[in-house]
Each structure stands twice: as structure tokens, then as C-alpha cells.
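So the protein lines, in turn, are chains P and C. Numbering-wise (UniProt numbering), the first sequence opens with residue 1 and increments by one. Numbering-wise (UniProt numbering), the second sequence opens with residue 1 and increments by one.
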Amino acid sequence: MSVLAWIGEFLVLFGTIFYFLSTLGLIRMPDVYNRMQTATKSATLGSLGVIVGTGLWAVGKGLSIAWLTKAIVIGVFLLLTNPISAHALIRGAYKSGIPLWEGSVVDKYREHLEKKASEKKEVEEGEE
Amino acid sequence: MLKRALAIVVILIIGYWLAQGLSQVPFGQDKMLVGKYYLEHVKEQTGAVNAVTAVVVNYRGFDTLGEVTVLFIASTGVGALLWRKKRKRTAKTEGSVVLTTGSKLLFPFIMLFGMYIFIHGHLTPGGGFPGGATIATAFLLMYMAFTIYEIPHKGFEVTEGFAGMGYVVVGLIGLAIGGYFLFDWIWQTWHLGTSNIGRLFSGGFIPVIYTIIGIKVGTELSGIIDNMLKEEVKE
Chain P
1 MSVLAWIGEF
11 LVLFGTIFYF
21 LSTLGLIRMP
31 DVYNRMQTAT
41 KSATLGSLGV
51 IVGTGLWAVG
61 KGLSIAWLTK
71 AIVIGVFLLL
81 TNPISAHALI
91 RGAYKSGIPL
101 WEGSVVDKYR
111 EHLEKKASEK
121 KEVEEGEE
Chain C
1 MLKRALAIVV
11 ILIIGYWLAQ
21 GLSQVPFGQD
31 KMLVGKYYLE
41 HVKEQTGAVN
51 AVTAVVVNYR
61 GFDTLGEVTV
71 LFIASTGVGA
81 LLWRKKRKRT
91 AKTEGSVVLT
101 TGSKLLFPFI
111 MLFGMYIFIH
121 GHLTPGGGFP
131 GGATIATAFL
141 LMYMAFTIYE
151 IPHKGFEVTE
161 GFAGMGYVVV
171 GLIGLAIGGY
181 FLFDWIWQTW
191 HLGTSNIGRL
201 FSGGFIPVIY
211 TIIGIKVGTE
221 LSGIIDNMLK
231 EEVKE
């Protein structure tokens, strides 16, 4: 039983370290996109560690199995929703014209959009 | 500048005055008068484990009726303010595939969770209002992810009205059986579930009323979202 509690404690520690790293990334990173990268990835992993760790810890301490069940349900929900919200935020940021960091070299998405726009223009001109 | 400084000074004075008043209240001491009665009698009188929902629905049911009325008036007020003949959704940018697929997959789970909250109002924290708000969130998600999504307006308004009437009817049955409005007839007269306090089929009429309130609040807030997202169409 106490092995479960140990694993839980370790997972909670692991998760808090990743939480710390994600906040550090928020301060250290140069632009919105890099910040979202660090914030979502490490915060998702950190939350998973803390939530599942809490469930295991509680079960290891002799509390009911319901703790672990609820923790896993919350963890799965978070695992599925966090990337979608990050995706929506990033896409919204790009669409509203927030510039990339000046050090970044490749912007394939802009090239793609420009190519699409020029193709559309050509088609419209051809119709006239 | 002067205005802002003056405002800060006034707010500081008000804050000091409030803090002076509150500093006389002891913190962390047993100050329960009515609360003690609620905590000691809640299980045998209402059958609910969650004392908050028992107080809100059973002991002070009139307040909840008032809150439901306030929400209903807010919904009809928004509807009346934004009333136009030709109103449509004019959103143009379709959400990305990830977003639309994700919302489509999440929608039933959010609905399920909302229903879980309002059905288990007498056992776990929550109740009709959070459950209804969760259901409305699911509809908001669909509205945000799809440009053409629309709730069936007529049906939602009818459901809302019937749910509100259901609450009053439950109260009136209590008036007929027990002699006063919102009398808990399922618990006090039928003794339904008196042997299994803490399980799903207990709590008198709290689950019934919270199901009604959850449906009502969910449809109401969805209706408000629907009203606010539509724009007038110019011919």
C-alpha cells in the first residue's frame, strides 16, 4: 500500500517541478508562440503528474479508490482539452497578426497563405 | 489625475471603515445560531447529505424561487432588448478542424457532466445552478466552434417555461399535501428513501427540484448566448 503512496508523492513532486519550469518558460521565452509552447506542454504534463499522483497518494494512504477514479477522469479530460485550447489560442494570435520573434527564420504558414491568395487572384483574373 | 487621486483616497477611507467594522468579528470561533440547527437536523428532516442544497431548496426554498425568477427575467430582458425580426449569425471565420472536431467530441461529455452535477445536488457540491451553467457552456462551445450552429429556439423556450412551471407545481403539491408552499412531500409524507441517506434515491424532493432548475438554467443561459450572438441582417 505504501508503495502506491510513494509513487504518488514522487508524481506530485515531478508535476510541481514541471509547473515551475512552465512558469519559468513564460518569463524566459521571447514571443507569444514560444511562450505558449512551454506553457502548454509542461503545464499539461505537470497537471497530469499532480492529479494522478494525488489519486495514487490518496489510495496508498488508505482512502477509497474513488479518489484515483476521479483523478484519472480529470486527467484524461485535461489531456484532451488542453492541446485544443492551446491550438485555438495560437491560431487566434496568428490570425490577429501578432508577429513572430525576430530571430525566427521560417514562416511556412504565411508562405502558404500568400500562395493561396495569389492563386485565388489569378483565378479571378482569368474569369474576367 | 486629481480625479484618480480623489477616488483612491475615498476608496481607502471606505476600506478602512469596513476593516474597522469587520475587525470586531472574531475569526474561527463558533458563532452558529441558526446554522447549528441546520447542521444537526438536516439529515433527518430533508435526507440530504449536502447541507447547502438542503438549506437552499428545503429550508429557504423561496429564495431559490426568487433566483430562478431573476434568471428568467434576465433571459426575457435580453430577448426583449435584442428583439429584431431578421436576426442571423453573421460569423465568417470557420474554426480550425482541430477545434470543431474537439468541440463535437467534447459536447456530450460536458452535457453528461452537467447532468451529473444537478442530479447529485443532495450528495456532492453543486446543484441546479452550476449544472445548468455547465450545460450552457456546452452550447456556448458549439456556438463558438461552428459558424452555422443554432439551438432550436422555440423548443428551448418552451422547455424553459415548463421547467419553471414544474418548480412551482412541485411547491403547490406541497401546499396541497402539507399545508405550506414548498413542503417536502416526498420526504415528509411518502418517506421515500428514508433508509438510504447518502445514496442517489434519497434527499426528498431536492433531486427533483434540482433537475428542474438545472434544465431551466441550462436552457435559459443558452438562450441568452443565442440572443447575444445573433446580429441584425441588412437586406
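For glycine and all other residues, C-beta sits at the position ideal for the given N, C-alpha and C. Note that the structure is predicted; figures quoted are calculated from it, not measured.
Alpha carbon to alpha carbon, how far is residue i from residue j?
i	j	result
K228/C	Y94/P	Just to set this straight, residue 228/C is Met in the shown sequence, not Lys. So the alpha carbons of these two residues sit roughly 26 Å apart.
S75/C	G132/C	14 Å
residue 129/P	M165/C	The structure shown does not extend to residue 129/P, since chain P spans only 1 to 128, so no value can be given for it.
V3/P	V12/P	14 Å
R87/C	A5/C	45 Å
W83/C	T93/C	25 Å
F62/C	M32/C	22 Å
G128/C	S104/P	50 Å
I135/C	G49/P	29 Å
L22/C	I14/C	12 Å
Y149/C	Y143/C	6 Å
T124/C	V55/C	14 Å
S73/C	G126/C	One point to set straight first is that residue 73/C is Ile, not Ser, in the sequence displayed. So the alpha carbons of these two residues sit roughly 23 Å apart.
A145/C	S96/P	17 Å
L18/C	V9/C	14 Å
Y38/C	K85/C	51 Å
G92/P	Y16/C	44 Å
residue 242/C	I84/P	Absent from the structure is residue 242/C, since the part of chain C shown begins at 1 and ends at 235.
Q29/C	A66/P	33 Å
T194/C	G47/C	7 Å
Q20/C	I11/C	14 Å
Y109/P	V57/C	55 Å
V76/P	R28/P	29 Å
K116/P	V106/P	18 Å
G102/C	L80/P	8 Å
D31/P	A86/P	15 Å
K36/C	Y59/C	14 Å
E111/P	E102/P	17 Å
E114/P	V123/P	14 Å
W6/P	G95/C	44 Å
Q24/C	L81/C	46 Å
G62/P	T44/P	27 Å
So, for residue i: in the same chain, excluding its five sequence neighbours on each side, which residues have a beta-carbon less than 8 Å away from its beta-carbon?
i	result
Y167/C	L65, V68, I209, I212, I213 and K216
I110/C	T134, I135, T137, A138 and L141
I17/P	G46
L51/C	Position check: residue 51/C holds Ala in this sequence, whereas Leu was assumed. Answer for A51/C: Y38, L39 and V42, listed in chain order.
Between residue i and residue j, which are expected to be in contact by the criterion C-beta below 8 Å, what is the C-beta distance as a whole number of angstroms?
i	j	result
G121/C	P207/C	6 Å
G25/P	S42/P	7 Å
L100/P	Y33/P	6 Å
K43/C	I173/C	About 23 Å separates the two Cβ atoms, so there is no contact after all.
E36/P	I90/P	Inspection of the sequence shows that residue 36/P is occupied by Met rather than by Glu. Rounded, the Cβ-Cβ distance is 5 Å, consistent with contact.
residue 167/P	L99/C	Chain P is shown from 1 up to 128; residue 167/P falls before or after that span and cannot be answered.
In the DSSP output, which residue or residues are listed as bridge partners for residue i?
i	result
E102/P	None; E102/P has no bridge partner.
E231/C	K88/C
Quick one: residues in its chain with C-beta nearer than 6 Å to the C-beta of residue i, no 5 flanking neighbours on either side, listed in chain order?
i	result
T219/C	F156, T159 and E160
L68/P	G55 and V59
I186/C	L192, G204 and F205
G8/P	G53, L56, W57 and G60
T90/C	E231
P130/C	I117
V233/C	K86 and K88
G171/C	F181 and L182
L175/C	F181
Take residue i and list the residues in its own chain whose beta-carbon comes closer than 7 Å to its own, dropping the five residues that flank it on each side.
i	result
F139/C	I151, S222 and I225
residue 238/C	The requested residue 238/C does not occur in the structure, where chain C is confined to residues 1 to 235.
A39/P	S22, G25 and L26
F113/C	T134
F201/C	G193
L71/C	V217 and E220
A71/P	I51, V52, T54 and G55
G119/C	According to the sequence as given, residue 119/C is Ile; it is not Gly. Excluding sequence neighbours, I119/C sits near P207 and T211.
Flag residue i as yes when its Cβ comes closer than 7 Å to any non-hydrogen atom of the ligand SAH, and as no otherwise.
i	result
M228/C	Questions concerning the ligand SAH fall outside what the structure shown contains, since it holds no ligand whatsoever.
Query raised in the report: Using a Cβ cut-off of 8 Å, which residues of the region 125 to 157 of chain C contact any Cβ in chain P, in chain order?
Result: Hits within the stretch: zero.
Requested in this report: Scan the region 92 to 103 of chain C for residues whose Cβ lies nearer than 7 Å to a Cβ of chain P and list them as they occur along the chain.
Outcome: Correct list: S96, V98, L99 and G102.
**Report entry** Against chain C: residues of the region 83 to 116 of chain P by CB proximity under 7 Å
**Finding:** Those would be I84, H87, A88 and R91, in chain order.
**Report entry** Residues, ordered as in the chain, of the region 169 to 201 of chain C that lie near chain P by beta-carbon distance below 8 Å
**Finding:** Those would be none; no residue qualifies.
Requested in this report: Output, in sequence order along the chain, the residues in the region 32 to 61 of chain P whose CB is closer than 9 Å to any CB in chain C.
Outcome: Cβ contacts with chain C come from no residue of the region 32 to 61 of chain P.
Query raised in the report: What residues from the region 29 to 47 of chain C come within 7 Å of chain P, judged by C-beta to C-beta, listed N to C?
Result: Cβ contacts with chain P: none found.
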